[in-house]
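Going by the working numbering, the letters in the sequence shown line up with residues 29 to 181, in that order. Glycine included, each C-beta is placed from N, C-alpha and C at the ideal position.
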Amino acid sequence: MNGDYMIVTFKKPLIFLLAANLCACSFIGKTEINILKQAASQAAQNAPKHLKLDYIKCYALDNFNKEKCRRILSKYSENRKHAESWAYIEPFEDTMELEGFSAFLKDKGKICNSVIEKPKLSHKTKTYLVSCKGKNTYKMEFSRENLTWRLVE
């Protein structure tokens, strides 16, 4: 009984010290966060088109499979492969998806210079609404079996 009490009291300060060290290492300022976001967006915009198109294959998956898919794809991007900060990773992946949808629509002969927001699922039609700069909106369907997108006319 007395030995158990010693373990519990020893664990509390140890956990506190570990948490304090982790917090101290992860603080970055607003300026650094903005620089990382800008670098991530720029890197995604300059990424090869085939990689952007691969990123949209992850988009409509459930959260677990989406993260798994993104992790696999991160190995193929030099800029993303070595990123350690979520301040870089999240904007990179978000921009890759937006760029991927734009590239897909351009390949289908549609006018879409850039996608302005993440596509939203319409539960009524079971399609994703993709809004491009300039007020063009397109409907797309995703096949989970083939991991392919299709433009709905």
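- In the displayed model, residue 140 falls within coil according to three-state DSSP, outside both helix and strand.
- It is roughly 7 Å from the alpha-carbon of residue 86 to the alpha-carbon of residue 98.
- Per DSSP, the unbroken alpha helix (DSSP H) holding residue 99 starts and ends at 91-102.
- Cα atoms of residue 172 and residue 101: separation of roughly 17 Å, rounded to the nearest angstrom.
- In the DSSP assignment, the residues bridged to residue 170 are 177.
- Counting other Cβ atoms within 10 Å of its Cβ, residue 158 reaches 16 or more and is therefore classed as buried.
- Taking a cut-off of 8 Å on C-beta distances, the segment 139-155 does not touch the segment 99-118, as fewer than three cross pairs fall below it.
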